[in-house]
Structure formats: C-alpha cells, structure tokens
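For reference, the structure discussed in these notes is given below.
Numbering (my numbering), first residue to last: 19 to 188.
Below, the structure written as structure tokens:
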C-alpha cells in the first residue's frame, strides 16, 4: 500500500474504469491494534488478498463504507468475515432512480485509454456504476455519530447525499 498521509495508506483495486480511473481506492487508517478500513472495494479476490496482506499483523476495528456502489461496498461482508470488524455506514441504498443512464455519452463507463495500457480506447462494453443493494451495515450512522476506531482516535459520520442517497463522509 502507498502512504498518502501520516497514518493513512491506500490499496488500489484492479478495476480501472472511467468511474475508478486506475482503480477504487481502499483506505487503511491507523496501524497496529486499531485500523479502520474505508471502502473495502469491489468483490475481487485479488483485492481482498491485497488488503489482507497490507493488514497482516494488525487488528481491524472498523469497516467504514461511504456509499453502496459496486466499486465501494461489496467486499465489506468478506472483509468482516476475515477480520471480525463491524461495518458502519449510513444505511442501505435508497431508491435507485438517481441517474438516468440513457442521458450519458455513448462512451461513458469505458475504461480510459491509459487504463488499457495503450493510447487507443478499448472495445469493452460500457460499464454502469452499479448499486450494491444487498449491503446492510452492522451499525447505521447518522450525522454526528462517532466511531471509536482505536485508543485516542475516532471518526465522525456526516451524511452527504448526492452521489448516492446514503453517501456518508467519515
């Protein structure tokens, strides 16, 4: 993982697209006996393996999910099984009629040229930013709720709907 700030590491999933650019970023906050994982990512075995390698010898105390899109929340359940840490989020995804995909450009959702390893666009089918309707957090957070992620530090939830109905900043 790359350290992006003091005490914050990022593991990038291998799911490059126009939505994720080089891949979804999963963030590991803290170290040792208290690590919070933010946005476990897509349901990819390789990404779970990368997270578990990055977390080897550490204790995950919280799994924080900012929103329920297919590139952010699906791996939460498997990571919870592996670590025993509870999941925290605003709640399940609301109405999925948020975006009319028919109004987007024809190439929307295709990986950018550099993500395919070259300068020409791929012929891959367009990707839609799918909702993870199955996700249910262990603990539902509202604005102002805090998660005591470790000794001497915590995160505060702020409900920020817009990108999705259940989007939350921690």
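For every residue, glycine included, the Cβ atom is placed at its ideal position computed from N, Cα and C.
Sequence-distant residues of the same chain with beta carbon closer than 6 Å to residue 38, five excluded per side: Numbered from its first residue, the chain shown carries residue 38 at position 20. 89, listed in sequence order.
Local conformation of residue 65 per DSSP, three classes: Counting from 1 along the chain shown, the entry for residue 65 is found at position 47. Residue 65: helix per DSSP, three-state reduction.
Integer-rounded CB distance, given that residue 101 should sit under 8 Å from residue 78: Within the chain shown, residue 78 is the residue found at index 60, counting from 1. Within the chain shown, residue 101 is the residue found at index 83, counting from 1. 4 Å between Cβ atoms; contact.
contact_flag[the region 167-174, the region 151-158] where n(CB pairs < 8 Å) is 3 or more: no
C-alpha gap between residue 70 and residue 165, whole angstroms: One-based indexing of the chain shown puts residue 70 at position 52. One-based indexing of the chain shown puts residue 165 at position 147. Cα atoms of residue 70 and residue 165: separation of roughly 22 Å, rounded to the nearest angstrom.
Integer-rounded CB distance, given that residue 84 should sit under 8 Å from residue 161: For the purposes of this step, residue 161 is taken as residue 143 along the chain shown, with counting starting at 1. For the purposes of this step, residue 84 is taken as residue 66 along the chain shown, with counting starting at 1. The C-beta distance from residue 161 to residue 84 rounds to 14 Å, too long to meet the 8 Å contact threshold.
Neighbour-count burial assignment, residue 51, 16 or more Cβ in a 10 Å radius: For this step, residue 51 is matched to residue 33 along the chain shown. Label assigned to residue 51: exposed.
Alpha helix (DSSP H) runs wholly inside the region 68-114, at least 4 long, in chain order: 94-101
Alpha-carbon to alpha-carbon, residue 179 and residue 159: Numbered from its first residue, the chain shown carries residue 159 at position 141. Numbered from its first residue, the chain shown carries residue 179 at position 161. Each residue's alpha carbon lies about 13 Å from the other.
Which of helix, strand or coil DSSP assigns to residue 154: Within the chain shown, residue 154 is the residue found at index 136, counting from 1. Under the three-state reduction of DSSP output, residue 154 falls in the coil class, being neither helix nor strand.
Residues that DSSP places opposite residue 48 in a beta bridge: Here the question's residue 48 lines up with position 30 in the chain shown. Its beta-bridge partners are 53.
Span of the beta strand (DSSP E), counted from its first residue to its last, around residue 174: As a working note, residue 174 is residue 156 in the chain shown. It spans 171-174 - the beta strand (DSSP E) in which residue 174 sits, taken as one unbroken run.
Contact set for residue 136: own chain, Cβ-Cβ below 8 Å, skip 5 residues either direction: Taking the chain shown and counting its residues from 1, one reaches residue 136 at position 118. In this prediction, residue 136 scores a pLDDT of 48, lower than 50, which makes its location untrustworthy; the coordinate-derived value is nonetheless stated afterwards. Correct list: empty, nothing qualifies.
Environment of residue 92 [buried if 16+ CB atoms lie within 10 Å]: Here residue 92 refers to the residue found at position 74 when the chain shown is read from its first residue. Buried: at least 16 other Cβ atoms inside 10 Å.
For residue 72, the nearest candidate out of 80, 44, 99 and 98 (CA to CA): Against the chain shown, residue 72 aligns to sequence position 54. Of the listed residues, the one whose Cα sits closest to residue 72 is 44.
Bridge-paired residues (DSSP) for residue 35: Indexing the chain shown from 1 puts residue 35 at position 17. For residue 35, which the question treats as bridged, DSSP gives the partners 39.
Beta bridge counterpart(s) of residue 26 as assigned by DSSP: On the chain shown, residue 26 is found 8 positions in, with the first residue counted as 1. The partner list for residue 26 (beta bridge, DSSP) reads 23 and 47.
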